[in-house]
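Mapping to my numbering: the sequence shown position 162 is 175, numbers consecutive. Here a beta-carbon is modelled for each residue, glycine too, at the ideal position from N, C-alpha and C.
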Amino acid sequence: MWSPSYGWLADVALKGLAITGAFALLIGTLCLGWYIVWQSNLRDLPIAQELMGKRRQSQAQKDKIAEEIREIKRVHRKKGPSLEVARQASLSRRGPDDGAKALAIPGSNPANIELWKISEQGISRWTELKQPVAAKNGMCMAVAMFRQPGSDALYVAVGYEDGTLTIWDVACPQHAIISARLHSEPIMTVAIDAHGKGGVSGSADSKVVSFSICMKSKQLREEGHIELATPGVAAAALRGDSRIFATAGWDKKVRVFHYVKRKPLAVLQYHKAAVNDVLFDPRTQSLASASKDSSIALWHVFMD
14 MWSPSYGWLA DVALKGLAIT GAFALLIGTL CLGWYIVWQS NLRDLPIAQE
64 LMGKRRQSQA QKDKIAEEIR EIKRVHRKKG PSLEVARQAS LSRRGPDDGA
114 KALAIPGSNP ANIELWKISE QGISRWTELK QPVAAKNGMC MAVAMFRQPG
164 SDALYVAVGY EDGTLTIWDV ACPQHAIISA RLHSEPIMTV AIDAHGKGGV
214 SGSADSKVVS FSICMKSKQL REEGHIELAT PGVAAAALRG DSRIFATAGW
264 DKKVRVFHYV KRKPLAVLQY HKAAVNDVLF DPRTQSLASA SKDSSIALWH
314 VFMD
C-alpha cells in the first residue's frame, strides 16, 4: 500500500491544482463556478514547505497568506453549466507577445474556446476557437495548450462532450486542423506530452486512451488504451520527462502508468471521495492529488 508523503485538508471540495512559483495548490473555487486568474507576491512563503511538513508556519505567516488570498483579483469570471463540467482552464507560459501568457477557457457559448492574453498590463481577450455548428460535438469538457519543440506555433487540444478530441492552431482559429473521436462518453481530461506529439485522455467511460499527433500529416490516432475496472477519469497528468502519467479516478484512486508501454505501475489510495485532479511538480517530480473530500495528498513517485 502506498501512502502519501503528506496529506492536507482544505475547507472546500477541491476541483483543481495549479503550480505557481512554489508548489502551490489551487483553490476550490471551481466548485463555486468561477474561473480565477491571480497574482502571487508571496515569494518568501513557499506553501510547499508547509504542505511537505518541512516546517510549521507562524500565525503571522498564516495571516499573511490569508491576506494574500483575500486580495485575489477576479479578472475574468463566468457562471453557467460550462464551468460546472469543464476540465478547468489551460495556461500557457508563452502567449502571443513577449512576457505575456495565454489562457484558454470555455466561452460564453460552451461549445467554443476563448483565449485570453495575460500580461502585467492586465488581461484581454485574444481570440476564439468556434466549433462549427455542423460538428455537433457538444460542450468543451477539457482543454490543454501545448507547443512542439522548435516551433513557435501554439496549439490547443479540446475534448468535447461527444468523446471527440480536436486540435486547433491558434494562428488559424477559423477551423480545427485535426479531429478524432476517442471515447464513447464525454472527455473529461487531456494531457499532452513534453514533445507535443502525443498524450493521454480520460473520460466518463472506462478507457484511458493514448494517442499520437502528427502535424505534418494532420493525423490524430489512438495508439492504444487502458481498460479500467471502474469508469470515470476526472484528470490525467504526464510527468515532465513523459515517462509516466497519473490519473484521478471517480473511484477515489490515483493510478500511475508507464506512458509508452501503458503498463500500470501503482494504485495510490488516500482520498475518501472522488479524486478531481492530479499534477506533477516539474522541479521535484512529486505528484499531488486533490479530492472532492477536501483533501490534498503529495506523493513521491520515482519510477522509470
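Contact set for residue i: own chain, Cβ-Cβ below 8 Å, skip 5 residues either direction
| i | result |
| --- | --- |
| F224 | L178, A193, L195, G211, G212, V213, S214, L233, R234, E235 and E236 |
| Q161 | Y168, H208, G209, K210 and M228 |
| G262 | L241, T243, G245, V246, A247, R268, A287 and V288 |
| F315 | Q298 |
| G151 | A124, Y173, E174, D175 and P199 |
Residue i, enclosing beta strand (DSSP E) - first and last residue
| i | result |
| --- | --- |
| P119 | K114 to P119 |
| K210 | First-last for K210: undefined, no H or E at that position. |
| Y272 | Where Y272 is concerned, there is no enclosing beta strand (DSSP E), given that its DSSP letter is neither H nor E. |
| F315 | F315 -> no beta strand (DSSP E), and no H or E assigned at all. |
| S12 | The requested residue 12 does not occur in the structure, where the chain is confined to residues 14 to 317. |
| E174 | Run containing E174: none; DSSP gives neither H nor E here. |
| Q232 | Q232 to E240 |
| L167 | Where L167 is concerned, there is no enclosing beta strand (DSSP E), given that its DSSP letter is neither H nor E. |
| I190 | Run containing I190: none; DSSP gives neither H nor E here. |
| E127 | I126 to S132 |
| V222 | K220 to C227 |
| S302 | L300 to S304 |
| A155 | C153 to F159 |
| N289 | V288 to F293 |
| A261 | I257 to G262 |
Residue burial classification, residue i (beta-carbon count within 10 angstroms, cutoff 16)
| i | result |
| --- | --- |
| G135 | exposed |
| H284 | buried |
| G253 | exposed |
| P119 | buried |
| A327 | Outside the displayed range of the chain (14 to 317) lies residue 327, so it cannot be described from this structure. |
| L96 | Unreliable positioning characterises L96 in this predicted model, as indicated by a pLDDT of 33, which lies under 50. The coordinate reading is nonetheless provided below. Its Cβ being crowded by 16 or more others within 10 Å, L96 is buried. |
| F258 | buried |
| L22 | Residue confidence for L22 is low, a pLDDT of 49 falling below 50, so the modelled location carries little weight; the figure read from the coordinates is stated next. Exposed, since its Cβ has fewer than 16 Cβ neighbours within 10 Å. |
Nearest-angstrom Cα separation, counted from residue j out to residue i
| i | j | result |
| --- | --- | --- |
| H313 | V288 | 17 Å |
| V269 | P277 | 6 Å |
| Y173 | I200 | 6 Å |
| Q282 | K143 | 40 Å |
| L311 | K149 | 39 Å |
| A124 | R275 | 31 Å |
| H208 | S308 | 32 Å |
| C153 | T297 | 32 Å |
| K220 | G245 | 8 Å |
| E198 | D165 | 33 Å |
| V146 | C185 | 18 Å |
| I226 | T202 | 16 Å |
| T42 | E141 | Any answer about T42 is weak, because its pLDDT of 37 lies below 50 and its placement is not dependable; what the coordinates show is given next. The straight-line gap from Cα to Cα measures roughly 24 Å. |
| V273 | G163 | 22 Å |
| S121 | V222 | 29 Å |
| P295 | H271 | 17 Å |
Own chain partners of residue i with C-beta closer than 7 Å, once the 5 adjacent residues on each side are dropped
| i | result |
| --- | --- |
| I190 | I180, W181, D182 and K231 |
| A286 | K265, S304, K305 and D306 |
| A250 | A204, F258, A259, V291, L292 and F293 |
| A113 | K130, I131 and S132 |
For residue i, the nearest candidate out of the options (CA to CA)
| i | options | result |
| --- | --- | --- |
| A117 | G151, A170 and V146 | A170 |
| H238 | G151, D218 and S121 | D218 |
| D175 | A113, S216 and V273 | S216 |
| H188 | I126, G163 and S137 | I126 |
Beta-carbon proximity list for residue i, same chain, < 6 Å, skipping 5 on both sides
| i | result |
| --- | --- |
| V280 | K266 and R268 |
| D206 | G212, L251 and S255 |
| S137 | K130 |
Check: residue i C-beta below 7 Å from any heavy atom of the ligand GDP
| i | result |
| --- | --- |
| G135 | Questions concerning the ligand GDP fall outside what the structure shown contains, since it holds no ligand whatsoever. |
Short CB-CB distance (under 8 Å) between residue i and chain D
| i | result |
| --- | --- |
| K149 | Reference to chain D is not applicable here, since this structure consists of a single protein chain. |
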